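Scroll down for the structure; my scribbles are underneath it.
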Amino acid sequence: MNERYAEHKRYLNRLKARKPKKLDEAFEALHEEVFEETDCLACANCCKTTSPIFTDADIERIAKHLKMRPADFIGKYLHLDEDRHYVLNSSPCFFLDAENYCAIYDVRPKACREYPHTNRRRMHQILDLTLANTQICPAVAEVVERLQKVIPA
Numbered sequence: 001m002n003e004r005y006a007e008h009k010r011y012l013n014r015l016k017a018r019k020p021k022k023l024d025e026a027f028e029a030l031h032e033e034v035f036e037e038t039d040c041l042a043c044a045n046c047c048k049t050t051s052p053i054f055t056d057a058d059i060e061r062i063a064k065h066l067k068m069r070p071a072d073f074i075g076k077y078l079h080l081d082e083d084r085h086y087v088l089n090s091s092p093c094f095f096l097d098a099e100n101y102c103a104i105y106d107v108r109p110k111a112c113r114e115y116p117h118t119n120r121r122r123m124h125q126i127l128d129l130t131l132a133n134t135q136i137c138p139a140v141a142e143v144v145e146r147l148q149k150v151i152p153a
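Next comes the structure, spelled out in structure tokens:
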């Protein structure tokens, strides 16, 4: 565990205990600020290292887009993880191209559309996920860094 991660963990644990009133608003503002400065295509670490969870709706939508039956899509690309969620068979994501573009961007999974989950409501409920995402997404780490200045714990 690196020092920055340990610092983020301590900070987010204190926030979880306090549940600050303006937490959602602060996260949303910082999310907008950081992602204005962030080129996700230069990184794509999320797509290279982590599988999204594929919902049934995701599977139906993507399979239709690929002109496949959902069962064939599952058989080719997905497996059930230990929590019984459908996830990719391997990393990096099969749909990520050499320039870090997503071949199924318009129909990508809900989890990909919402990633990295730093601009949603009830952030206090997903601070553990936020901490994990600081290890994957440099922008999330930057949001947490800036949040420490806005909401001291």
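Under my numbering, residues 1 to 153 are what the sequence shown spells out, in order.
Positions of the beta carbon are idealized from the N, C-alpha and C atoms, including for glycine.
Computed from a predicted structure; not experimentally measured.
- Annotation: His31 to His117 spans about 9 Å, alpha carbon to alpha carbon.
- Per DSSP, Tyr77 is one residue of the alpha helix (DSSP H) stretching across 70 to 77.
- If you draw a 10 Å sphere on the C-beta of Tyr77, you find 16 or more other C-beta atoms in it, and that means buried.
- Of the candidates Glu145, Glu3, Ser91, the residue whose Cα lies closest to the Cα of Lys48 is Ser91.
- Taking 7 Å as the cut-off, the Cβ atoms of Asp39 and Lys110 do not count as close.
- Under the DSSP assignment, Leu88 falls in the beta strand (DSSP E) whose first and last residues are 86 to 88.
- Its chain contains His124 as the residues whose beta carbon lies nearer than 8 Å to that of Lys19, once the 5 sequence neighbours on both sides are disregarded; these appear in chain order.
- Leu15 sits away from Asn100, with the two beta carbons spaced by 7 Å or more.
- Scanning the segment 103 to 127 from its first residue to its last, the whole alpha helix (DSSP H) runs of 4-plus residues come out as 110 to 114.
- Collapsing the DSSP output to three states places Leu66 in coil.
- DSSP, read as helix, strand or coil, puts Phe54 in strand.
- In this structure, Cys112 lies near Pro52, with their beta-carbon atoms less than 7 Å apart.
- Leu88 counts as buried, since at least 16 other C-beta atoms from the protein chains shown sit within 10 angstroms of its C-beta.
- Spanning the alpha carbons of Pro70 and Ala44 requires a straight line of approximately 26 Å.
- Of the other Cβ atoms in all chains shown, 16 or more fall within 10 Å of the Cβ of Asn133; this residue is therefore buried.
- Under DSSP, Leu80 forms a beta bridge with Tyr86.
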